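Worksheet: one structure, shown below.
Residue numbers (our numbering), protein chains in the order written: chain A, 1 to 182; chain B, 1001 to 1422.
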């Protein structure tokens, strides 16, 4: 066995042992990687979790000025039936007053229906403002009690530590009074 | 050893810095690099390394399965089915884990057989052997509790039968059984504690395996001749000789494992375990997993409850005292013509018991089990002690190198001449 080392060294001077070590290590690396993938992937959402990735919501019973919260992917989604006053307030704000500038039109599909993920973009608390008795903050929208972020009637951040407006989930109107989120 | 930095000769400066403060690289080099290993290993010496790899596979797949499993009687079965259908690669994790248990027992049975055939249990390796038997017992407990977790019919009734074994003991029996159950039957508290222990015991096994390896590296390995290495001409450095040989064995092992997992994943299982547990209906024919069948056959061979239980536990307990039952100084059966035949017959008895354990408890299987059980014990308790006195062993080779290489004595150190990169 010992005679196969230096004697069969490749033309560039690489000994056969180095070559064998590299090939072995590469194959072990490939194998471990291939085996690791199913383990890592098993931690991603399972198919039954993905099957719950869309939620239908019925809007017909929600009166102007009321709001409901529905669950989508384990998160609250705020649906507010805005009054004419809410919409007017939201559209009157100059872009220069906004921390995360976005027009109200860009945040809704139908003017009276505001659909947002109800999670403060600061650190994930759920802002108040869905119930009539809640503190809606000084901009008539939502107020996060954790660290004092206030959102306006378009769900845009106006004051406080949150960096972004409340996120808009993907959704579509399946009829005049129904939406499918996700 | 004096305190202060370790005098390291690792060339890489970063690794040397670590090695001076914590000489793990020096230790690895000593124990797995240059470790002098008998030069005449055959492929039976692969199975310790294979068992180590198998243990790691079981722990890895087990941890990931536990992320999806629910140890509750009303949800356990469904959570296992969810792993099979919904969890990404859940089918793979579960089939590797379930068949991994079978592979583990195949590997360990061959490993134990190797020890019995080549006399690896004899002085000075008695403690090494005893630690191995402890690992085997822990494995059996772990495998049994793991089989309960899917909460199918075989899980439930297997758990019921095996825990009831302890009721055979006088006075404390009932108390022990209630302690195991956490109630008055196998139920949710039982499932919960079995899950907790099934997660714990593999790590205990890792600890005892570590001690097993420590003990091994003190005495050094036995070898097919059973003759201790007398010098460097009888040994080879562990790396690359046995890392390479073990790697080859590992590839074969993975092929067998893959055939089971991908082509016959339920071959070694029992279809009744795909029926959810029902405490009101016992399946017509309940059997443990195949690897427990020999011991199950011993249990059933005895027409007395306590006697059967004692004999079953005794069939493993006898291994603990084996180093003192077999007084022959000759290790390898190659040089023990009579003991060799007696041991091969013992192997046949083991397989006969395995076969009978899977059959219904009726004739002729009961009678066959009784003969096989009698021989199983007779080999350890009568034949080996007698042969130690009566048998005339064949002449042992002068040394490993002499036997392996033939011819005259080698120049000292020739075989251990380091290769250009070793």
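Beta carbons: idealized from backbone N, C-alpha and C, even for Gly.
As the structure is a prediction and not an experimental result, all values here were calculated from the model.
Three-state secondary structure assigned by DSSP to residue i
i: residue 1013 of chain B; result: helix
i: residue 1147 of chain B; result: helix
i: residue 58 of chain A; result: strand
i: residue 1414 of chain B; result: Reliability fails at residue 1414 of chain B, whose pLDDT of 46 lies under 50, so the model's placement of it is uncertain and the value that follows must be treated cautiously. Looking at residue 1414 of chain B - three-state DSSP - the assignment turns out to be coil, as it is neither helix nor strand.
i: residue 1395 of chain B; result: coil
i: residue 6 of chain A; result: Residue confidence for residue 6 of chain A is low, a pLDDT of 45 falling below 50, so the modelled location carries little weight and cannot support an answer.
i: residue 1256 of chain B; result: helix
i: residue 1195 of chain B; result: helix
i: residue 171 of chain A; result: strand
i: residue 1419 of chain B; result: Unreliable placement is indicated for residue 1419 of chain B, whose pLDDT of 43 sits below 50; the coordinate value is still reported in the next sentence. In this structure, residue 1419 of chain B counts as coil in the three-state DSSP scheme.
i: residue 178 of chain A; result: strand
i: residue 1286 of chain B; result: coil
i: residue 1372 of chain B; result: helix
i: residue 1275 of chain B; result: coil
i: residue 1361 of chain B; result: coil
i: residue 1235 of chain B; result: strand
i: residue 67 of chain A; result: strand
i: residue 947 of chain B; result: As displayed, chain B neither begins before 1001 nor continues past 1422, which places residue 947 of chain B out of reach and without an answer.
i: residue 1 of chain A; result: Legend: pLDDT at residue 1 of chain A = 42, less than 50; position of this residue unreliable, no value from coordinates given.
i: residue 1200 of chain B; result: helix
i: residue 1216 of chain B; result: helix
i: residue 1102 of chain B; result: helix
Boundaries of the alpha helix (DSSP H) in which residue i is found, first to last residue
i: residue 1319 of chain B; result: 1305–1325
i: residue 17 of chain A; result: 16–42
i: residue 1036 of chain B; result: Run containing residue 1036 of chain B: none in the alpha helix (DSSP H); it sits in the beta strand (DSSP E), 1036–1038.
i: residue 1340 of chain B; result: 1337–1357
i: residue 1404 of chain B; result: 1400–1405
i: residue 1294 of chain B; result: 1293–1301
i: residue 1051 of chain B; result: 1047–1066
i: residue 164 of chain A; result: Per DSSP, residue 164 of chain A belongs to no alpha helix (DSSP H) and is neither H nor E.
i: residue 49 of chain A; result: 47–50
Distance CB(residue i)-CB(residue j) smaller than 8 Å
i: residue 1202 of chain B; j: residue 1059 of chain B; result: yes
i: residue 1331 of chain B; j: residue 1226 of chain B; result: yes
i: residue 1278 of chain B; j: residue 1153 of chain B; result: yes
i: residue 1425 of chain B; j: residue 1045 of chain B; result: There is simply no residue 1425 of chain B to check, as chain B begins at 1001 and stops at 1422 in what is shown.
i: residue 1425 of chain B; j: residue 1229 of chain B; result: No answer is possible for residue 1425 of chain B: it lies beyond the span of chain B, which begins at 1001 and ends at 1422.
i: residue 1101 of chain B; j: residue 1143 of chain B; result: yes
i: residue 90 of chain A; j: residue 165 of chain A; result: no
i: residue 55 of chain A; j: residue 70 of chain A; result: yes
i: residue 1423 of chain B; j: residue 1061 of chain B; result: There is no way to answer for residue 1423 of chain B, as the model of chain B reaches only from 1001 to 1422.
i: residue 171 of chain A; j: residue 158 of chain A; result: no
i: residue 1209 of chain B; j: residue 1135 of chain B; result: yes
i: residue 1439 of chain B; j: residue 1191 of chain B; result: Beyond the ends of chain B as shown, which are 1001 and 1422, falls residue 1439 of chain B; an answer cannot be given.
i: residue 1150 of chain B; j: residue 1087 of chain B; result: no
i: residue 162 of chain A; j: residue 154 of chain A; result: no
i: residue 1380 of chain B; j: residue 1130 of chain B; result: no
i: residue 1038 of chain B; j: residue 1223 of chain B; result: yes
i: residue 1373 of chain B; j: residue 1353 of chain B; result: yes
i: residue 1156 of chain B; j: residue 1133 of chain B; result: no
Where the beta strand (DSSP E) containing residue i begins and where it ends
i: residue 1073 of chain B; result: Unbroken run through residue 1073 of chain B: none, as it is neither H nor E.
i: residue 1381 of chain B; result: Counting along the chain, residue 1381 of chain B falls outside any beta strand (DSSP E), and DSSP gives it neither H nor E.
i: residue 159 of chain A; result: 157–159
Contact test: residue i Cβ vs the ligand SAH heavy atom, cutoff 7 Å
i: residue 1350 of chain B; result: In the structure shown, the ligand SAH is absent, as is every other ligand, since no ligand is present at all.
### Query
For the segment 31–42 of chain A, which residues have a CB atom closer than 7 Å to at least one CB atom of chain B, in sequence order?
38, 39, 41, 42
### Query
Unbroken beta strand (DSSP E) runs of length 3 or more, entirely within the segment 69–151 of chain A: which are they?
75–81, 113–117, 140–143
### Task
Could you run through the segment 73–92 of chain A and flag, in chain order, every residue whose CB is less than 8 Å away from some CB of chain B?
Residues: none.
### Message
Against chain A, which members of the segment 1074–1095 of chain B pass a CB distance test of less than 8 Å?
### Response
1082, 1085, 1086, 1087, 1088, 1089, 1090, 1092, 1093
### Task
Could you run through the segment 1241–1263 of chain B and flag, in chain order, every residue whose CB is less than 7 Å away from some CB of chain A?
none
### Near-chain B residues of the segment 44–61 of chain A (beta-carbon distance less than 7 Å), N- to C-terminal order
44, 46, 47, 48
### Inside the segment 1115–1186 of chain B only - alpha helix (DSSP H) runs reaching at least 4 residues
1126–1148, 1153–1164, 1173–1181
### Selection of the segment 1121–1140 of chain B by Cβ proximity to chain A, strictly under 9 Å
none
### Message
Output needed in chain order: residues of the segment 1011–1028 of chain B with a Cβ under 8 Å from some Cβ in chain A.
### Response
none
### Query
Can you list, in chain order, the residues of the segment 1286–1312 of chain B whose Cβ is nearer than 8 Å to any Cβ on chain A?
none
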